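First the structure, in the form of structure tokens, and then the observations on it.
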Amino acid sequence: MKKLFTPDMYLDSVFDITPVMLKNKGIYGLILDIDNTLVATYIKKADERAADFIKSLKENGLKAVIVSNGKKKRVELFCKPLGIEYIYKAHKPLGGALKKAIEMMGLPYDKVAILGDQLFTDVLGGNLLGIHSILVKPMDPDEPLFIKIKRIFEKPFLKKIEYDVKKNRIK
Numbered sequence: 044m045k046k047l048f049t050p051d052m053y054l055d056s057v058f059d060i061t062p063v064m065l066k067n068k069g070i071y072g073l074i075l076d077i078d079n080t081l082v083a084t085y086i087k088k089a090d091e092r093a094a095d096f097i098k099s100l101k102e103n104g105l106k107a108v109i110v111s112n113g114k115k116k117r118v119e120l121f122c123k124p125l126g127i128e129y130i131y132k133a134h135k136p137l138g139g140a141l142k143k144a145i146e147m148m149g150l151p152y153d154k155v156a157i158l159g160d161q162l163f164t165d166v167l168g169g170n171l172l173g174i175h176s177i178l179v180k181p182m183d184p185d186e187p188l189f190i191k192i193k194r195i196f197e198k199p200f201l202k203k204i205e206y207d208v209k210k211n212r213i214k
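Going by our numbering, the first residue of the sequence shown is number 44, and it counts up by one from there.
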């Protein structure tokens, strides 16, 4: 049984991921987080790198949905210019919004991955549903206090994940 706080992949950045890499792993749909995954938390609109990443997914036949615990105004401001479907106030790691995102993509669970920067929301949510989970390092250490507190509790898990990466147990 897969451990709930262990991602299938652990990368430095979302921008280390390519459509070819995803397809080679049998992944055709991606559930994406915004804050500290695609852009730093304080950046309200998609920057060029985030926009190019989303565009590359679409151009290569991959489906993507933004699923954020953020408020409607923040998520809409980010997603509408990109033309990407989204769910706000998702209450990750609870599975309702994640299931809805998978339904929106019209793909089987084993063809979908969740990608985010937090163990207790993104990775846990994906693992509870049985989809692929990809953890990336946060883009910026300047985060709200409640996230900084969560990061303290993530540290022991991250040490184990980093050890597993060194031992090639996690890609």
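All residues carry an ideal CB built from backbone N, CA and C; glycine is no exception.
Computed from a predicted model, the values in this text were never measured in an experiment.
Discussion item. Let's see if you can read the secondary structure: which residues bound the alpha helix (DSSP H) around S99?
Written reply: E91 to E102
Item to complete: Please work out which residues of its chain come closer than 7 Å, Cβ to Cβ, to A93, disregarding the five sequence neighbours upstream and downstream, and give them in chain order.
Response: Contacts found: L81 and V82.
Item to complete: Along the beta strand (DSSP E) that carries I157, what are the first and last residues, could you check?
Response: Under the DSSP assignment, I157 falls in the beta strand (DSSP E) whose first and last residues are V155 to G159.
Worksheet item: With distances taken between CB atoms, is the gap from K142 to L167 smaller than 8 Å?
Response: Going by C-beta atoms, K142 is not nearer than 8 Å to L167.
Worksheet item: Rounded to a whole number of angstroms, what is the C-alpha to C-alpha distance between L73 and G138?
Response: 15 Å
Worksheet entry | Selection from Y152, V118, L150 and K66 that minimises the alpha carbon distance to Y85 | The shortest C-alpha to C-alpha distance from Y85 to any of Y152, V118, L150 and K66 is the one to V118.
Worksheet entry | Cβ neighbours of D55 in the same chain (closer than 6 Å, five flanking residues each side left out) | K180
Worksheet item: Where do the N-terminal and C-terminal ends of the beta strand (DSSP E) with L178 fall, by residue?
Response: H175 to V179
Item to complete: Run the CB neighbour count on K188, radius 10 Å, all protein chains shown included, and call it buried at 16 or more, exposed below.
Response: Sequence inspection shows Leu at residue 188; the Lys mentioned does not correspond to that position. When all chains shown are included, L188 counts as exposed.
Worksheet item: Among all the DSSP beta bridges, which residues are the ones paired with M148?
Response: The partner list for M148 (beta bridge, DSSP) is empty, contrary to what the question assumes.
Worksheet item: Relative to the alpha-carbon of S99, which residue among G113, S111, D59 and D78 has its alpha-carbon at the smallest distance?
Response: D59
Item to complete: Return yes when the Cβ of T164 is within less than 8 Å of the Cβ of N112, no when it is not.
Response: yes
Discussion item. Between which residues of its own chain and K46 is the CB-CB distance below 6 Å, once the five residues before and five after are set aside?
Written reply: none
Discussion item. Considering only the alpha carbon of each residue, which of E102, L178 and K191 lies closest to I215?
Written reply: Nothing can be reported for residue 215, as the shown portion of the chain is limited to 44 through 214.
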